[in-house]
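Structure first, commentary second.
In the numbering used here, the protein residues as written are 15 to 236.
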């Protein structure tokens, strides 16, 4: 089971119980954000343990994201049947998108055991190349939206249709449309190994966001 801070507050007053609860929650947040985590998995016939330490980047879908060397490690719990099902779906979506050529930072998955303190539970790691470009996120929530065009501008992507960056970004956008990428988000990096990469892959039947990206990159070219 994953750890939870706990206090015996039965013998305290109402005010004291509230104060202790606030303190317990604060303590858990500190542990969750700063505590090290270990992930043990099998690789090439032997067990490997990766220590996940340092700053943990928050994740709405997973436990968190860590930068290890030049890779991003996004950790997921498989402790419950529901979590296990979500992990299987996530793997399938990535494999299908990868087979279609969607640029995603060379993703791979590892399955094993997560250890936090004395607590152990089954988990999964999504490992991709670390990205240093400009983030974009096409979402209906205008407060979270990060325009794709702004990322192209900030990275000073060439307008020439014959430039390598332009051609690869256009191909990536068209691939996103083909696979039915939802909630399109990722990074643009001029001159990068992959000038565009997509993250948090979800696919479906709607291609509205991906179609918007194709329109933007087509208008960008000269």
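Glycine residues also receive a C-beta, built at the ideal position from the N, C-alpha and C atoms. If you're wondering where the values come from, they're calculated on a predicted model, not measured in any experiment.
In three-state DSSP terms, what is residue i?
i	result
residue 137	strand
residue 102	helix
residue 39	Only weak support exists for where residue 39 lies, its pLDDT of 39 falling under 50; the value from the coordinates is given anyway. Helix at residue 39.
residue 77	coil
residue 203	coil
residue 187	helix
residue 51	strand
residue 178	helix
residue 124	strand
residue 246	In the structure as shown, the chain begins at 15 and stops at 236. Residue 246 is therefore absent and cannot be evaluated.
residue 162	helix
residue 213	coil
residue 71	strand
residue 132	coil
residue 94	coil
residue 219	coil
How about residue i and residue j: do their beta carbons lie closer than 8 Å?
i	j	result
residue 192	residue 169	no
residue 119	residue 105	no
residue 51	residue 66	yes
residue 108	residue 215	yes
residue 140	residue 117	no
residue 209	residue 182	yes
residue 89	residue 123	no
residue 173	residue 226	no
residue 126	residue 55	yes
residue 137	residue 189	no
Since residue i and residue j are thought to touch, with beta carbons under 8 Å apart, how far apart are those beta carbons, to the nearest angstrom?
i	j	result
residue 145	residue 211	6 Å
residue 153	residue 194	Contact doesn't hold; Cβ gap of about 16 Å is too wide.
residue 128	residue 91	7 Å
residue 82	residue 64	7 Å
residue 223	residue 196	7 Å
residue 204	residue 171	6 Å
Can you tell me whether residue i is buried or exposed? The criterion is at least 16 other CB atoms within 10 Å of its CB, across all chains shown.
i	result
residue 217	buried
residue 229	exposed
residue 200	buried
residue 57	exposed
residue 70	buried
residue 94	exposed
residue 59	exposed
residue 186	buried
residue 178	exposed
residue 221	buried
Verify the contact flag: residue i, CB atom, against every heavy atom of the ligand NAD, threshold strictly below 7 Å.
i	result
residue 61	The ligand NAD is not among the ligands present in this structure, which contains no ligands whatsoever.
Which residue comes first and which comes last in the beta strand (DSSP E) that contains residue i?
i	result
residue 61	60-66
residue 153	That residue, residue 153, is in no beta strand (DSSP E); it is neither H nor E in DSSP.
residue 89	85-91
Locate the alpha helix (DSSP H) running through residue i, then write down its first and last residues.
i	result
residue 286	Any question about residue 286 goes unanswered here, given that the chain covers just 15 to 236.
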